[in-house]
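Read the structure below first, then the notes.
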Amino acid sequence: MEKFTEEYIDNIRAIIAEGNVEKIQEELKDLHPADIAELYQELSLEETEFLNDLLDKETAADALMELDEDDRRKILKDISTEVIAKEFIDHLDTDDAVDLIRDLDEDVQEEVLSHIDDVEQAGDIVDLLKYDEDTAGGIMGTEMVIVNENWSMPECVKEMRRQAEEMDEIYYVYVVDDDERLRGVFPLKKMITHPSVSKIKHVMKKEPVSVHTDDTIESVAQTIEKYNLVAVPVVDSIGRLVGRITVDDVMDEVREQAERDYQMASGISQDVEVTDTVFTQTAARLPWLLIGMVGGIATSIILGKFEGNLAQNAAIALFIPLIGGMGGNVGIQSSAIVVQSLANKSLEIKDAGRQILKEVGVSFINACMISLLVLGACYLLGLCGPALTMSVALSLFTIVVFSSVFGACVPIALEKCHLDPAIATGPFITITNDIIGMLIYMGFCALLV
């Protein structure tokens, strides 16, 4: 559905104000939960809660999970733990139920779990909460159709029908042995082509693609993309089937991770939204601004040390923006390529030396081209004398090579220290290269001018 028009939103608000329940239900009955969540974004909290109470329980639960975490928390904080358990958790798959419970405070989580009537569901949720939310175990669900490799086809079909009654979607039928270890995937086509097969293990697809509970979300996404899967089974350390992850779950997590990395690269220290308060946004943005301020002061101190050179030849100041900008741009280019390669696993730490050598080669070519262009521009435009021209050219050559290699090394070092390499694509590189670049430029000027 397209974005809701202002007229549509105003009409919904008017109907809510009238309290016309039947008309509101008529408006909402054909909307997808994702569209309802989008509608919530346009309404006040009171209006959202009013609409939510009129939806059937399953749709209300699905719409709630389509909201971002902050909006979800605002709605949940005014709802009793018993209602959360019986009207939301009961109608969600385990992976979504775990996401919802993680939005709550720890003491509230325990209360919600105590109100869940289905003991098996509550147990599954508790088990999933033990996994790190950034791993395969943390985002998997336990709803799957599972058959035993030793079953006959009639047994298999009967059990599949029984299990399918409790599920909304069936992606794959997984085959396990007597110890619940994953052995294969049962192709549904075999039900037609081999209706009298003696045992499922004779027709199953062996050695299926799977992921482990402690695999990262990025690794899971790469597996799903590589093998064109709509779902992937999750096994524990001894190969037992413990869950499955669907492609939509992975895409949600990857999108959120990409947003966090983008904000981190922009110098924002935590995940923020435009709807967050002034104080929240300030707390997220101020740290790197303060670091940038310190970097600016350091650059000013360097320039102060060379005040005499600047006084003798004011033309030196003409090239300060060029020196600073070039170092930052080259460093960000280099680090961005390495960060992207680390993220998609096209670059492994063991190959870091080769990547750095390649970066040295690229930087030498770029540095030569830029330095020659600056030499030509200074000569043709008569911007400065020969000594300063040579200082600028040598400075740019050195800065381009240093910034390029430095930009490649930093994310690799962060990855090796198990820190997010995305930090290296933001203000950190720019500030460092500004300071080093100014030292190099002023040093050449002091020697040659």
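My numbering runs 8 ahead of the 1-based position in the sequence shown. Positions of the beta carbon are idealized from the N, C-alpha and C atoms, including for glycine.
Output yes or no for whether 8 angstroms exceeds the beta carbon distance between residue i and residue j.
i: Val408; j: Ser371; result: yes
i: Val243; j: Met212; result: no
i: Gly145; j: Thr221; result: yes
i: Glu50; j: Phe12; result: yes
i: Leu121; j: Val106; result: no
i: Ala375; j: Phe327; result: no
i: Leu59; j: Ile32; result: yes
i: Ala430; j: Asp260; result: no
i: Glu157; j: Val184; result: yes
i: Gln230; j: Asn317; result: no
i: Ala360; j: Ile420; result: yes
i: Ser204; j: Met161; result: yes
i: Ile443; j: Thr307; result: yes
i: Ala239; j: Val255; result: yes
i: Glu141; j: Arg170; result: no
i: Ile24; j: Glu55; result: yes
i: Val258; j: Ile208; result: no
i: Ser399; j: Leu456; result: yes
i: Asp86; j: Glu57; result: yes
i: Phe314; j: Ala454; result: yes
Of the residues the options, which one's Cα is nearest the Cα of residue i?
i: Leu190; options: Ile310, Leu249 and Gln265; result: Leu249
i: Glu177; options: Leu447, Ile305, Leu100 and Arg110; result: Leu100
i: Ile200; options: Glu95, Leu380, Leu136 and Cys164; result: Cys164
i: Glu15; options: Leu47, Gly335 and Phe327; result: Leu47
i: Ser342; options: Thr285, Gln129 and Val418; result: Val418
i: Tyr180; options: Thr231, Pro241, Met148 and Ser206; result: Pro241
i: Lys94; options: Asp78, Phe287, Asp64 and Val155; result: Asp64
i: Ala68; options: Gly300, Pro41, Leu389 and Lys234; result: Pro41
i: Gly247; options: Asp38, Ser218 and Glu174; result: Ser218
i: Leu112; options: Val127, Lys82 and Met377; result: Lys82
i: Val347; options: Gly27, Leu427, Ala292 and Leu36; result: Leu427
i: Asp76; options: Glu264, Val302 and Ile299; result: Glu264
For residue i, count neighbouring Cβ atoms within 10 angstroms of its own Cβ and tell me buried if that reaches 16, exposed if not.
i: Tyr182; result: buried
i: Met152; result: buried
i: Ala22; result: exposed
i: Pro394; result: exposed
i: Ile373; result: exposed
i: Ala322; result: exposed
i: Met148; result: buried
i: Leu422; result: buried
i: Ile44; result: buried
i: Pro435; result: buried
i: Asp70; result: buried
i: Ile305; result: exposed
i: Asp104; result: buried
i: Gln320; result: exposed
i: Pro216; result: buried
i: Leu355; result: buried
i: Leu196; result: exposed
i: Thr290; result: exposed
i: Ile388; result: According to the sequence provided, residue 388 is Leu. The question's Ile does not apply to it. Looking at its Cβ environment, which holds fewer than 16 other Cβ atoms inside 10 Å, Leu388 is exposed.
By Cβ distance below 6 angstroms, which residues in the same chain neighbour residue i in space, the five residues on each side in sequence not counted?
i: Thr150; result: Thr102, Asp132 and Gly251
i: Glu90; result: His123
i: Ala130; result: Leu121 and Ile124
i: Asn19; result: none
i: Gly336; result: Thr438 and Asn441
i: Lys138; result: none
i: Ser379; result: Ala401, Leu404 and Phe405
Spatial neighbours of residue i within its chain, please: C-beta separation below 7 angstroms, excluding the five flanking residues on both sides.
i: Val413; result: Ile364, Glu367, Val368 and Ser371
i: Ser8; result: The structure shown does not extend to residue 8, since the chain is modelled only from 9 through 457, so no value can be given for it.
i: Leu383; result: Thr397 and Ala401
i: Lys424; result: Ile357
Which same chain residues, not among the five before or five after residue i, have their C-beta less than 8 angstroms away from its C-beta?
i: Gly339; result: Ser411, Ser412, Phe414, Gly415, Ile437, Thr438, Thr440 and Asn441
i: Leu108; result: Leu72, Met73, Arg80, Leu84, Ile92, Phe96, Ile97 and Leu100
i: Val29; result: Leu62
What are the complete alpha helix (DSSP H) segments, minimum 4 residues, inside the region 381-451? Runs of the alpha helix (DSSP H) inside the region 381-451: 394-424.
Taking only runs of the alpha helix (DSSP H) that begin and end inside the region 53-82, which ones reach a length of at least 4 residues, in chain order? 53-62 and 65-74
Can you give, in chain order, each stretch of the beta strand (DSSP E) that sits fully within the region 225-260 and has at least 3 residues? 239-243 and 249-254
Runs of 3 residues minimum, wholly inside the region 145-184: which ones carry the beta strand (DSSP E) assignment? 153-156 and 181-184
Scan the region 323-360 and note each continuous alpha helix (DSSP H) run of 4 residues or more that stays entirely inside, going in chain order. The region 323-360 is shown to contain whole alpha helix (DSSP H) runs of 4 or more residues at 328-351, in chain order.
Length at least 4, wholly inside the region 83-152: the alpha helix (DSSP H) runs in chain order: 102-110, 114-122, 127-137 and 144-147
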